[in-house]
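J.: Submitted below is the structure of interest, expressed as structure tokens.
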Amino acid sequence: MRQGDCQCYVESDEYKAYKEIEEQIAHCTPEQAWAMYYVSAGVVRQNIAMAVTEHIARGNKALLVEFPEFAPAATAHVLPARSLD
């Protein structure tokens, strides 16, 4: 990948949309994040999943409880998965 390619990605609408969702996840409760994920679809849902995974990787234990399926493989077996019902 050339340097210009990387710069274009950082300035892309898709990246900006992801960063906005990541910031929203940082400022909402785990229950609100779950509600956002539950009612979303497509790319928005993927962005929420990636943002939640990123926050869990940074040590957000509250999101880990709400989204155990997004935990790294080493910790995924610790908590039961939340039902979609």
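In the numbering used here, the protein residues as written are 13 to 97. Positions of the beta carbon are idealized from the N, C-alpha and C atoms, including for glycine.
(1) Would you mind listing the alpha helix (DSSP H) stretches within the stretch 43-69 that are 4+ residues and don't spill past its ends, in chain order?
(2) Between which two residues does the alpha helix (DSSP H) holding E32 run?
(3) Which word fits V126, buried or exposed, when buried means at least 16 other C-beta atoms lie within 10 angstroms of its C-beta?
(4) Strictly under 8 Å for the Cβ-Cβ distance: is Y49 near chain C by that measure?
(5) Among E81, F79 and A63, which has the Cα closest to the Cα of H39?
T.: So, from the data block:
(1) 54-69
(2) The residue labelled residue 32 in the question sits at position 20 within the sequence shown. D25 to H39 is the extent of the alpha helix (DSSP H) around E32.
(3) Summary: the structure shown does not reach residue 126, with the chain confined to residues 13 through 97, and so no result is reported for it.
(4) No chain C appears in this structure, which consists of one protein chain only.
(5) Locating residue 39 in the sequence shown gives position 27, where the first residue counts as 1. If we check each option's Cα against that of H39, A63 comes out closest.
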